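Please read the structure below before turning to the comments.
There are 2 protein chains.
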Amino acid sequence: MNDAGSKLSVFSLGGINEIGKNMYVLQYGEDMIVIDCGSSFPDENLLGVDLIIQDISYLLENQDKVRALVVTHGHEDHIGGIPYFLKQLNVPIYATRLTLGLIELKLKEHGLLRDTELNLIHPDEAIELGSIRTSFFRASHSIPDCVGIAFETPEGIVVHTGDFKFDLTPVNEEYADLHKMADIGKKGVLLLLSESTNAERPGFTQSERVVGDNIADAFRKATGKIFISTFASNVHRIQQIIDAAQMTNRHVALLGRSMVNVVSVAEELGYVHLPEGMLIDAQQVNVLEPEKVVIICTGSQGEPMAALSRLSTNTFRQVSVLPGDTVILASSPIPGNEKSVSRIVDNLFQLGATVIYGSGSASGMHVSGHAFQEELKLMLTLMKPTYFIPIHGEYRMLQLHKKLAESVGVDGKNIFILNNGDVVDIQNGVASQTRRVDAGSVFLDGLGIGDVGKVVLRDRKVLAEEGMLIIVISLSKADNRLLSAPDTISRGFVYEREAEDLYKEVNQLVVSTIKEAKPSTRYRRNDLKHAVRKSVEKLLYTRTKRRPMIIPFIIEI
Amino acid sequence: MNDAGSKLSVFSLGGINEIGKNMYVLQYGEDMIVIDCGSSFPDENLLGVDLIIQDISYLLENQDKVRALVVTHGHEDHIGGIPYFLKQLNVPIYATRLTLGLIELKLKEHGLLRDTELNLIHPDEAIELGSIRTSFFRASHSIPDCVGIAFETPEGIVVHTGDFKFDLTPVNEEYADLHKMADIGKKGVLLLLSESTNAERPGFTQSERVVGDNIADAFRKATGKIFISTFASNVHRIQQIIDAAQMTNRHVALLGRSMVNVVSVAEELGYVHLPEGMLIDAQQVNVLEPEKVVIICTGSQGEPMAALSRLSTNTFRQVSVLPGDTVILASSPIPGNEKSVSRIVDNLFQLGATVIYGSGSASGMHVSGHAFQEELKLMLTLMKPTYFIPIHGEYRMLQLHKKLAESVGVDGKNIFILNNGDVVDIQNGVASQTRRVDAGSVFLDGLGIGDVGKVVLRDRKVLAEEGMLIIVISLSKADNRLLSAPDTISRGFVYEREAEDLYKEVNQLVVSTIKEAKPSTRYRRNDLKHAVRKSVEKLLYTRTKRRPMIIPFIIEI
Chain A
1 MNDAGSKLSV FSLGGINEIG KNMYVLQYGE DMIVIDCGSS FPDENLLGVD
51 LIIQDISYLL ENQDKVRALV VTHGHEDHIG GIPYFLKQLN VPIYATRLTL
101 GLIELKLKEH GLLRDTELNL IHPDEAIELG SIRTSFFRAS HSIPDCVGIA
151 FETPEGIVVH TGDFKFDLTP VNEEYADLHK MADIGKKGVL LLLSESTNAE
201 RPGFTQSERV VGDNIADAFR KATGKIFIST FASNVHRIQQ IIDAAQMTNR
251 HVALLGRSMV NVVSVAEELG YVHLPEGMLI DAQQVNVLEP EKVVIICTGS
301 QGEPMAALSR LSTNTFRQVS VLPGDTVILA SSPIPGNEKS VSRIVDNLFQ
351 LGATVIYGSG SASGMHVSGH AFQEELKLML TLMKPTYFIP IHGEYRMLQL
401 HKKLAESVGV DGKNIFILNN GDVVDIQNGV ASQTRRVDAG SVFLDGLGIG
451 DVGKVVLRDR KVLAEEGMLI IVISLSKADN RLLSAPDTIS RGFVYEREAE
501 DLYKEVNQLV VSTIKEAKPS TRYRRNDLKH AVRKSVEKLL YTRTKRRPMI
551 IPFIIEI
Chain B
1 MNDAGSKLSV FSLGGINEIG KNMYVLQYGE DMIVIDCGSS FPDENLLGVD
51 LIIQDISYLL ENQDKVRALV VTHGHEDHIG GIPYFLKQLN VPIYATRLTL
101 GLIELKLKEH GLLRDTELNL IHPDEAIELG SIRTSFFRAS HSIPDCVGIA
151 FETPEGIVVH TGDFKFDLTP VNEEYADLHK MADIGKKGVL LLLSESTNAE
201 RPGFTQSERV VGDNIADAFR KATGKIFIST FASNVHRIQQ IIDAAQMTNR
251 HVALLGRSMV NVVSVAEELG YVHLPEGMLI DAQQVNVLEP EKVVIICTGS
301 QGEPMAALSR LSTNTFRQVS VLPGDTVILA SSPIPGNEKS VSRIVDNLFQ
351 LGATVIYGSG SASGMHVSGH AFQEELKLML TLMKPTYFIP IHGEYRMLQL
401 HKKLAESVGV DGKNIFILNN GDVVDIQNGV ASQTRRVDAG SVFLDGLGIG
451 DVGKVVLRDR KVLAEEGMLI IVISLSKADN RLLSAPDTIS RGFVYEREAE
501 DLYKEVNQLV VSTIKEAKPS TRYRRNDLKH AVRKSVEKLL YTRTKRRPMI
551 IPFIIEI
C-alpha cells in the first residue's frame with residue numbers, strides 16, 4: 001500500500017507545551033501540508049515580548065515541497081502567525097468561509113492580501129493537495145465554521161481534529177458531523193491527532209445554548225445599561241446577545257476594535273444577523289435611555305488596553321459605567337489572567353455596577369469550547385485509531401489524554417507524546433519516533449522578528465528586578481590615568497536622591513580599585529571593567545542585599 | 001455611657017484591597033490597640049520588591065497611646081510585618097501559644113527577641129489593655145490557636161473576628177466557641193469587623209477532616225514514595241499526614257526551611273504529635289524502601305526556590321521524584337500563582353509521577369480556611385451588630401459581604417467599607433466615617449525599608465519591557481567640543497551584535513544633534529541631554545517600534 005521508499009511523517013512545529021502557537025505538518029513523499037499557524041502571547045517571563053510565533057526554518061529548507069496551509073478555524077492560536085509565515089513562505093491557504101474572512105482581515109492589515117492565494121473549502125467537498133486527498137468534517141467549537149481534517153495517504157488515513165467539543169444543541173444549524181466522523185472511523189484511521197486542552201476536566205461540556213438562556217434571564221432582570229464582554233470571535237454567543245437585546249427592546253453598540261471588525265466580517269458573511277436599526281454608535285449610547293442599550297465589548301480577559309478595562313477605570317471617552325448598570329463577563333479567565341480580570345471586576349464594583357462574573361461556568365455566562373474527558377473518549381471511540389498523538393496542550397494534559405485513549409482501547413505503545421520538533425514516521429504500517437527537526441519559538445517585539453533572544457530577555461529580567469548602575473570612568477589613552485572622578489547613575493535601583501552617600505562610596509571604591517589594579521589589568525579594558533564590576537557588586541550587596549546590573553563604562557580621551 | 005469627649009474609633013491601616021498586610025487599630029480615648037501586623041507579597045507589577053508592609057506613620061505620631069499589638073493567629077498575613085513594626089515602635093505583643101511561638105521564630109531571625117515583651121493570652125481569660133477589657137473566642141481556621149477578639153469599651157462592644165470558618169468536626173478538640181460568640185452577641189455588639197476572603201463563594205466550607213480521609217485513601221493506594229506539599233502552618237493537615245503515614249507504616253521526612261521550623265515549634269508546643277522514631281532526615285530517604293517514606297514539603301504555591309519546585313526540576317540534592325512515586329498538592333493556588341503551580345505539575349508529570357492536584361477542593365486534598373457565605377451569615381447572625389465593617393478582602397468581596405449583612409438584617413446605612421487610612425468614629429452611639437489618617441504601603445527590597453518607591457518601580461517596568469540604551473558623550477569643559485565619538489551600549493533592547501548598524505546611526509544622530517544645538521542648549525547640560533534623548537527616541541521608535549529607556553551621559557574633561 002506504499003510507494004517504494006515513501007513514508008508518512010507528522011511534525012510538531014508548535015502547540016506542544018505552549019498552547020497558542022499551534023502548527024503541525026503532514027508529509028507524504030514529496031508533499032507537505034501545514035495545518036494551522038497560530039500565535040501565542042508571552043507570559044510574564046518574556047518581558048516586553050509582544051507575540052510568539054513558530055520557527056519555520058525546517059519548512060523553509062523544504063519549501064519546494066510545501067503544498068498548502070490548511071486552517072481548521074479562525075482563532076488567533078490557529079491563524080495569528082499567518083502574516084509572519086507568509087512573509088517567509090508564500091503558500092496557498094485553504095480554509096472555510098468565516099475562517100477565510102478572518103484571515104483576510106489580518107492580511108489586509110499587513111498588506112499581504114494581494115499576494116496570497118486564498119482557497120475556500122466547503123466541509124462537504126474533498127480537495128487534492130499534492131498526492132493527498134483531503135476531506136473535512138464539521139466540529140462544534142466557540143467559533144463557527146470549525147472543521148476537523150481527514151488526510152487520505154497511501155499509507156492510511158490521518159485525522160486532525162482541530163479544536164472541538166460536542167455541542168448536541170448548537171446555536172446555529174451546523175451540528176458537529178457525527179455521522180461523517182463515524183464513516184471515517186469505519187474506513188479505518190491509521191493516526192489520530194486530537195486536541196487535549198480540557199483533558200484535565202471530567203464529564204461533558206455544557207451546550208452554548210445554556211449561556212444564551214442565562215443571558216436572556218439577566219437581560220430581563222437588568223434595569224440600567226447592560227455591558228457584556230466576550231471574545232469577539234465567539235459569534236454564536238454574540239448572536240445570542242443580539243437575540244436577547246431584541247427580546248428586551250435594546251439597541252446594541254460595539255466597543256473595541258476587534259469586536260467591530262469581527263462582527264462586521266461575520267455579518268457580511270451571514271454568520272451574525274442584526275435586525276435593521278438595532279446597531280448604534282458608541283456616541284449614541286448616552287442619547288438613549290439606559291434601559292434601551294446593550295454594549296458588547298472586548299477585554300473579557302483583562303487586557304489592559306481593551307474596552308472593558310478602560311470602562312472599569314472610567315477612561316473610555318464616549319461611554320461610562322454608572323451605578324445601576326449591569327456588567328456581564330461572558331468568559332472565564334485563561335490561566336495567568338485571573339488577577340487582571342479580578343482587578344477589573346473590583347473596579348466595576350467600585351463604580352456601583354451589578355457585576356455578573358465567575359470562573360469556569362460558575363456564573364452561567366460561559367461554557368468551554370473544548371471537549372471534556374467524555375467527549376475526548378467519544379472522539380477516540382468514533383475514530384478507533386491505530387496510532388494516536390494527543391496535541392494542543394501542556395505536558396500533563398497530553399499525558400492525561402494518553403490515559404483516556406488507553407482506557408478506550410488504544411495500545412499505549414502506539415501513543416506518541418511529541419515535543420516541538422519531534423517527528424513520527426510511519427512506513428509499512430509501523431510507526432516510530434526517532435528523529436527531530438529544527439523547531440522553536442520566535443519572539444516578536446515591536447517591528448523586529450526574532451531579534452529579542454535569550455540574552456536580551458535575561459538582561460530585562462535583571463533590570464526589572466534589581467535595576468542597574470552605570471559607572472562612567474574616563475581614562476587617558478596615554479597613561480591610563482583617571483581624567484576625572486568616576487560618575488555613577490542608576491535606574492530602578494534605589495531612589496537616587498536618597499542614595500548619595502552610597503554613590504560616593506561606590507565612586508571612592510572605583511578609584512581605589514583602578515589605582516590598585518596591576519598595570520596589565522589597567523591596560524586590558526575588559527579586565528579593568530571586570531575588576532570594577534566585582535568590587536562594586538560586593539559593596540552593593542553588603543549594603544543593600546541587592547544585585548543590580550553593574551555596567552562599567554570606560555571613556556578614553 | 002461615654003466619658004465626656006471620648007469617642008471610639010476604628011482605623012484601617014492595611015488589609016483593604018490588598019489581602020495580606022492586615023492591620024486594624026482600635027482607639028478609645030487615650031488608648032490605642034493594634035490588631036494584627038501582616039505582610040504581603042508583591043504582584044508582578046512591583047518588580048523586584050520582596051515584601052510589602054504597612055506605613056505606620058500615624059501610629060508613630062501617636063506612640064504614647066499605643067498600648068498593645070494583639071495578634072489573632074500565626075499566618076504571615078497577620079504576623080509577617082511584626083519585625084519591621086517593632087523596629088519602628090516597640091509595644092507589648094499579645095497572642096495565643098502557637099501564634100506566640102511563630103512570632104518568636106521571626107523575632108529570633110531578626111535579633112529582636114530580647115527587647116520585645118511577649119504576653120501569652122488564653123482564650124478563656126480576659127485582659128485589660130489600658131481602659132479596654134479584651135476577651136477572646138476560639139475560631140476554626142487553617143492554623144491552630146486562632147482567636148476572635150471582643151473589646152469592651154465604654155461606648156460598647158467591638159468584635160474583630162480574625163480569620164475564621166466554622167469547622168464543626170475539627171481535627172483537634174478546639175471547637176470554634178459558638179456558645180461564647182452567642183453570649184457576646186446577646187450582650188449586644190456595637191460594631192463587628194468580620195473577614196471577607198470568601199464572600200464570593202456560596203455555601204459552607206468543608207471540614208478539614210475530609211482532607212484527612214482523602215489523604216489516608218491516597219496513602220493506602222500509593223506504591224512508591226509519597227511527596228505531599230502543603231502550607232507549613234497548616235498544623236492540623238500536617239498531623240493528618242503524620243497519622244496517615246503511621247497507618248501505612250511510613251517514615252516522615254520534612255523538606256523546606258519553613259516546614260522544618262514550623263513543625264518543630266508546633267511539636268515543642270504540643271500541637272503536633274510525631275510517634276517516636278518516625279521522623280527521618282532527608283539523607284535517609286534513599287536508604288529506605290520507597291514505600292516506607294513520606295516527604296512533607298513546602299512550595300505548594302509554586303514558589304520557585306521552595307522544595308516542591310526544586311523537586312519538580314530534579315534539582316534537590318538529597319531526594320528525587322521517580323516514576324511510580326506519588327506527589328500530592330494539598331493546597332489550592334492563591335490567585336496569581338496558577339501558572340507557576342501548573343508548571344510544577346507539568347514537570348512532575350514529565351518525571352513520571354502520579355500527581356494529585358486541582359484547584360479549590362477539586363482534588364479532595366484541600367479545603368479553604370475561610371468562611372463561605374453561609375458561615376459569614378452565621379457569624380453576623382450570632383453577633384447581631386449595630387454597625388458592621390467587612391474587612392480582609394478586595395473591594396468586590398467587601399461589597400458582597402455588605403450585601404450578606406443586609407440580607408440578615410444589618411441596616412445598609414450602618415455598614416462601612418473602608419479604604420486603608422479610613423476611620424470610623426462612634427460617639428454617643430452614632431457612627432460616622434468622615435476623616436482619614438496617613439496610611440499606605442511600604443516596599444521592602446533587600447535590606448532597605450521604603451527606599452524603593454514609585455519612581456524606581458516605574459523605571460524597572462520600562463527597563464523590563466523595553467530595555468535601555470546608554471549614550472556616553474564626552475565634551476570639553478572649555479568649549480563644549482565633542483572630545484571623541486559618542487559611545488552607545490544597550491541592555492535588554494536588541495541583541496547588540498545584530499544591531500551594529502543601528503548604533504552607528506544613533507551615534508551619527510547624536511553628533512549631529514549636538515552640532516546643531518544652539519550654543520545656549522549646549523551650555524545647559526540638561527537641555528542638551530533632553531535634545532539627545534528626544535532625537536534618539538524618535539529614531540529608535542521609527543526603526544524598531546520600541547521605546548527603551550534612553551540615558552544620555554555627559555562626561556566633561
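First to last, the protein sequences are chains A and B. In terms of UniProt numbering, the first sequence is numbered consecutively and its last residue is 557. In terms of UniProt numbering, the second sequence is numbered consecutively and its last residue is 557. No residue lacks a Cβ here, since even glycine has one placed at the ideal position from N, Cα and C. Computed from a predicted structure; not experimentally measured.
The Cβ-Cβ distance between residue 348(B) and residue 296(B) does not fall below 7 Å. Separation of residue 439(A) and residue 99(B) (C-alpha to C-alpha, rounded to the nearest whole angstrom) is 53 Å. Residue pairing by DSSP places residue 134(B) opposite 127(B), 151(B) in a beta bridge. For the pair residue 196(A) and residue 10(A), the Cα-to-Cα distance works out to about 17 Å. When Cβ-Cβ separations below 7 Å define contact, residue 88(A) makes no contact with chain B. Taking a C-beta distance under 7 Å as the contact criterion, residue 344(A) and residue 320(A) do not qualify as a contact pair. When secondary structure is reduced to three states using DSSP, residue 413(A) falls in the helix class. Not a single C-beta of chain B is nearer than 7 Å to the C-beta of residue 227(A).
Residues of chain B with a Cβ closer than 7 Å to the Cβ of residue 171(A) do not exist; the shortest Cβ-Cβ separation is about 28 Å.
Residue 236(A) sits in a helix when the DSSP states are folded into three classes. Separation of the CB atoms of residue 390(A) and residue 359(A) is rounded to 25 Å, and the pair is thereby denied contact status at 8 Å. Per DSSP, reduced to three states, the secondary structure at residue 224(B) is coil, with no helix or strand assignment. If you check each beta-carbon in the region 393-408 of chain B against every beta-carbon of chain A, the ones closer than 7 Å belong to 394, 395, 396, 399. In this structure the region 116-125 of chain A does not touch the region 50-61 of chain A; the number of beta carbon pairs closer than 8 Å is below three. Taking residue 242(A) as reference, the option from 259(A), 278(A), 217(A), 549(A) with the minimal CA-CA separation is 278(A). DSSP lists 139(B) as the beta-bridge partner residues of residue 146(B). Rounded to whole angstroms, the gap between the alpha carbons of residue 531(A) and residue 474(B) is 23 Å.
Annotation for residue 524(A): no residue places its beta carbon closer than 6 Å to its own, counting only its chain and skipping 5 residues before and after. DSSP places residue 111(A) outside both helix and strand once states are collapsed to three, so it counts as coil. Counting every other CB atom within 10 Å of its CB across the protein chains shown gives residue 22(A) a total of 16 or more, marking it as buried. Chain order gives the chain A residues near residue 346(B) as 394, 395, 396, where near means a beta carbon separation below 7 Å.
Taken in chain order, the unbroken stretches of beta strand (DSSP E) that lie wholly in the region 47-71 of chain A and span 3 residues or more are 51-54, 66-70. A check of alpha carbon separations from residue 484(A) across 510(A), 289(A), 209(A) identifies 510(A) as the nearest. When the Cα atoms are used, residue 229(A) and residue 291(A) turn out to be separated by approximately 18 Å. Taking the C-beta atoms as reference points, residue 169(A) is found nearer than 7 Å to residue 207(A). In terms of beta-carbon proximity, residue 338(A) lines the interface with chain B, with at least one pair separated by less than 7 Å. Secondary structure at residue 156(B): strand, using DSSP grouped into helix, strand and coil. In its chain, beyond the 5 residues on either side, 101, 102, 105 have a beta carbon closer than 7 Å to the beta carbon of residue 265(A). Taking all protein chains in view, the Cβ of residue 305(A) is surrounded by fewer than 16 other Cβ atoms within 10 Å, so the residue is classified as exposed. Per the Cβ contact rule, the region 77-97 of chain A is in contact with the region 33-40 of chain A (3 or more Cβ pairs under 8 Å). Residue 472(B) belongs to the set of residues whose beta carbon lies under 7 Å from a beta carbon in chain A.
Per DSSP, the beta bridge partners of residue 119(B) are 94(B). Residue 422(B) and residue 144(A) have their C-alpha atoms roughly 51 Å apart.
Between residue 464(A) and chain B, the shortest Cβ-Cβ separation is below 7 Å. Under DSSP, residue 345(B) takes part in no beta bridge, so it has no partner. For residue 335(B), the chain A residues whose C-beta falls within less than 7 Å of its own C-beta are 338, 339, 342, listed in chain order.
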